[in-house]
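Those protein sequence lines, which keep their order, are chains A and V. Under the working numbering, the first residue of the first sequence is numbered 1, with each subsequent residue one higher. Under the working numbering, the first residue of the second sequence is numbered 342, with each subsequent residue one higher. The beta-carbon is built from N, C-alpha and C at its ideal position, and this holds for glycine as well. A quick note: this is a predicted structure, and the numbers were derived from the prediction, not measured. Each remark here refers to the structure printed beneath this line.
Protein chains: 2
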Amino acid sequence: MPEAGLPIRLSDVAARAGVSLATVSRSLTNTSGVSPALAERVRGIAADMGYVTNMNARSLAGGLASSIGLVLTNIADPYFAEIASSLIAVAADDSRSVQIAHAVTPEDVLAQIKIFRSYRVGAIVLAGSGYSDPATEIATGKELAAYEQSGGRIAVVGRHALDASAVLPDNIGAGRAIAEHLVALGHSKIAVLSGPEQLNAVGDRMRGLTEVLGSRMVHISQHAFSREGGAEGVRELYGDTLVAGPRRRDITAIVALSDVMAVGAFSELRALGVTIPTDISLTGFDDISVADVISDGLTTARLSTQHIGEAIFELTCGENTQRRDIEIGFTLIERGSTAQP
Amino acid sequence: MPEAGLPIRLSDVAARAGVSLATVSRSLTNTSGVSPALAERVRGIAADMGYVTNMNARSLAGGLASSIGLVLTNIADPYFAEIASSLIAVAADDSRSVQIAHAVTPEDVLAQIKIFRSYRVGAIVLAGSGYSDPATEIATGKELAAYEQSGGRIAVVGRHALDASAVLPDNIGAGRAIAEHLVALGHSKIAVLSGPEQLNAVGDRMRGLTEVLGSRMVHISQHAFSREGGAEGVRELYGDTLVAGPRRRDITAIVALSDVMAVGAFSELRALGVTIPTDISLTGFDDISVADVISDGLTTARLSTQHIGEAIFELTCGENTQRRDIEIGFTLIERGSTAQP
DNA sequence: CTGAAAGCGCTTACAG
DNA sequence: CTGAAAGCGCTTACAG
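Right, here's the structure in full:
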């Protein structure tokens, strides 16, 4: 009998059921080698007693835990929050817990991987947009390889130099679609609020845009891949010539490289008294859930965060353990923030 | 020597340093009883070898882990995402990991508490707005008491029936401030988009509003405490009389009981062609970060999510282990969504 | 199909 | 101040 208040242990269940520890363990984990009838009875007793597995003991004895470690830039960013939400929901259905950590620089990412390894999580997911960083890439690659060696599963979101299964949003296609939409509306002088070049998502979206836009892309500003970065881009565009309009007075559309940047851009444009879409059209990428309340609805290329979360789960917890990629298609969502020039 | 690729264990460090396991353990955890010089040397060797503690083993041997289990409704909700972000940031500074789980019903909450206990997390935080639910309250209370008994620390956000340290946003004061703001502008016919009465946050905000508004509160709708709930509230308000304006045609202001509800309300109002603040004023609560881009900026009562996250950390990881409350003050943020009627 | 026993990698009384 | 040893609660070869 366990002391009152103390958690019930496997041995308590074993004693009550009159079987060995091994039998209880096998019954509870649905491991083969126990007669179905006995297993069923043991499970019933465990449930009756309110037994809950000590995950630390299980992981210590059995290798890795079933939990998932998710590394992202910041959970306050709606893009990451929505991916995390999707992952948490589907992971819960499989009785898996999710640990979340922030990491901005490649050094942070490496440090977080080590921390997640110390918790013996069953999977590690790198969701922060893939920075290509030669300095840490080797160390990170080694760490992940060792982790994989020990049975851990890995997934990254976006193109990475790392050798791992990846969820690949079609950033190039999405870039093309945004560009085609603006061209179709008649825009021929377009500014792009871009982010750091080392971010693969930035590079790919730019590539798609450039392919279609060509010389219609008359201005590119580079700032952080964040809300504040979007605001800075607009300030750069309108900076010295506030009264007279944007630096390139002929600009009729602004492409932000993410919805989050578009939010920052929108906020700044409104502060400047610029009306959307009358004065200027604005677009984003991702289709985060607030996109439809930005301006009269933000036109954007959806790269479903829901699907990304599900794909992460599939790659890290699915039956198929082979290294592979899952592509996420885009959908152009036309809303009120774009119009003819 | 450890096999190549395998994680380094405490015994590897002990062997290399020529000391016992106990000495290494004490050095690494800064437990007293090791000469400072030796401890320093051992720490250096551990660092050189790239040693990382196996958290599962530590928790098994030592009791609870240092990680924090955070239960919330849904991390995709910006309010929770921002609280989580704040908590993760401050927890990381203290080398603590955060696990996040979704729970909507009181039964979900109870189930999640059990799961977090099975991971032996060092703290459990209930951030979902406190439902008063007599049916599960007893069971949940027992579970938490047992957890506390075993050394776990607990914090809740908002008023709960549960006996635990709480972060208490001043919802009543915030309600009063919103009401006073609208009254000062001259509004005398006000609708409130409310949520489920069992939510203490809802009750408290209503109380503050009612105190000041009195009979100026001419309509109350009750829907989910979510974005969709806000939209439904507006549909109820304008439902059958779309062409003629809101059901109560004299209404000049709408108070949503949270920013997230206000977002839903805003979206629906725009779809109906209602202009803010010309046709109607709109307010929220919390001041989530997108609030300033809703309409011409949403007037709201800030209950800083940043401070809430920090307060959670203080209650669950601070020196002071006494059961106590931390109050979060409000700040009225006046933006473009409110004007004279 | 079932069980006895070793072992996962730590922490912490208990001795000295 | 330092160490030998027991024990945390599981899983999993190894026997039978």
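Item: Between the C-alpha atoms of Ser-645 (chain V) and Val-508 (chain V), what's the straight-line distance to the nearest angstrom?; Value: 11 angstroms
Item: Can you pull the chain V residues whose beta carbon is under 7 angstroms from the beta carbon of Val-218 (chain A), in chain order?; Value: Correct list: empty, because the minimum Cβ distance to chain V is about 26 angstroms.
Item: Report buried or exposed for Pro-618 (chain V), applying the criterion of at least 16 other Cβ atoms within 10 angstroms of its Cβ.; Value: buried
Item: Could you spell out where the alpha helix (DSSP H) holding Ala-127 (chain A) opens and where it closes?; Value: Taken as a continuous stretch (DSSP letters only), Ala-127 (chain A) belongs to no alpha helix (DSSP H), as it is neither H nor E.
Item: Between Tyr-119 (chain A) and chain V, is there a C-beta pair that is closer than 8 angstroms?; Value: yes
Item: Report the rounded CA-to-CA distance for Glu-538 (chain V) versus Ala-402 (chain V), giving the unit in angstroms.; Value: 45 angstroms
Item: Helix, strand or coil for Ile-479 (chain V) per DSSP?; Value: helix
Item: Starting from His-102 (chain A), follow the beta strand (DSSP E) in both directions and report where the run begins and ends.; Value: 98-102
Item: Check Gly-33 (chain A) in the structure and name its three-state DSSP category.; Value: coil
Item: Could you tell me if Gln-322 (chain A) is buried or exposed, where buried requires 16 or more neighbouring beta carbons within 10 angstroms of its beta carbon?; Value: exposed
Item: What number of angstroms, rounded off, separates the C-alpha of Gly-359 (chain V) from the C-alpha of Thr-672 (chain V)?; Value: 59 angstroms
Item: Are the beta-carbon atoms of Ala-256 (chain A) and Ala-265 (chain A) separated by less than 8 angstroms?; Value: yes
Item: Whole angstroms is fine: what's the gap from Tyr-238 (chain A)'s alpha carbon to Met-217 (chain A)'s?; Value: 17 angstroms
Item: I'd like to know whether the C-beta of Leu-401 (chain V) is nearer than 8 angstroms to at least one C-beta of chain A.; Value: yes
Item: Measuring only the C-alpha atoms, how far is Pro-2 (chain A) from Ile-8 (chain A)?; Value: Its pLDDT being 47, under 50, Pro-2 (chain A) is placed unreliably in this model, and the value from its coordinates should be taken loosely. Each residue's alpha carbon lies about 6 angstroms from the other.
Item: Check each candidate in V:Asp-504, V:Leu-534, V:Glu-651, V:Asp-620 and name the one with the smallest Cα separation from Asp-600 (chain V).; Value: V:Leu-534
Item: Drop a sphere of 10 angstroms on the beta-carbon of Asp-286 (chain A), count the other beta-carbons inside from all chains shown, and report buried for 16 or more, exposed for fewer.; Value: buried
Item: Quick test of the definition: if touching needs 3 or more C-beta pairs under 8 angstroms, does the stretch 131-139 of chain A touch the stretch 170-179 of chain A?; Value: no
Item: Please confirm whether Gly-659 (chain V) and Leu-428 (chain V) have their CB atoms less than 8 angstroms apart.; Value: no
Item: By a C-beta neighbour count over all protein chains shown, 10 Å radius and 16 as the cutoff for buried, is Ser-165 (chain A) buried or exposed?; Value: buried
Item: Please look up how many angstroms separate the CB atoms of Ala-191 (chain A) and Arg-248 (chain A), rounded, as I've assumed it's under 8 angstroms.; Value: 7 angstroms
Item: Cα separation between Lys-361 (chain A) and Asp-108 (chain A)?; Value: Past the edges of chain A, shown from 1 to 341, lies residue 361 (chain A), and the structure says nothing about it.
Item: Considering only the alpha carbon of each residue, which of V:Glu-552, V:Ile-592, V:Gly-536, V:Ile-561 lies closest to Glu-569 (chain V)?; Value: V:Gly-536
Item: So that I know if they touch, is there some Cβ in chain A lying closer than 8 angstroms to that of Asn-371 (chain V)?; Value: no
Item: Give me, in chain order, the residues of the same chain whose beta-carbon lies closer than 7 angstroms to that of Val-104 (chain A); leave out the 5 immediate sequence neighbours on both sides.; Value: Thr-73
Item: Under a Cβ-count criterion, where at least 16 other Cβ atoms within 10 Å of its own Cβ denotes burial, should Glu-327 (chain A) be classed as buried or exposed?; Value: exposed
Item: What is the residue span of the alpha helix (DSSP H) that Val-183 (chain A) lies within?; Value: 171-185
Item: Mind pulling the chain A residues with CB within less than 9 angstroms of Phe-607 (chain V)?; Value: Val-293
Item: Residues of the stretch 418-434 of chain V in Cβ contact with chain A at a cutoff of 7 angstroms, in chain order, please.; Value: Pro-419, Ala-422, Glu-423, Ala-425, Ser-426, Ile-429, Ala-430, Ala-433
Item: Could you tell me the alpha carbon to alpha carbon distance between Asn-189 (chain A) and Phe-80 (chain A), rounded to whole angstroms?; Value: The amino acid occupying residue 189 (chain A) in the given sequence is Lys; Asn does not appear at that position. Spanning the two alpha carbons is a distance of roughly 32 angstroms.
Item: Any beta carbon of chain V sitting closer than 8 angstroms to that of Met-55 (chain A)?; Value: yes
Item: Between Tyr-392 (chain V) and the rest of its own chain, which residues show a CB-CB distance below 6 angstroms, the 5 nearest in sequence each way excluded?; Value: Ile-349, Val-354
Item: Skipping 5 residues on each side, what residues in its chain have a beta carbon closer than 8 angstroms to that of Thr-34 (chain A)?; Value: Residue identity differs from the one stated: residue 34 (chain A) is Val in this sequence, not Thr. Result list for Val-34 (chain A): Thr-23, Arg-26, Ser-27, Val-42, in chain order.
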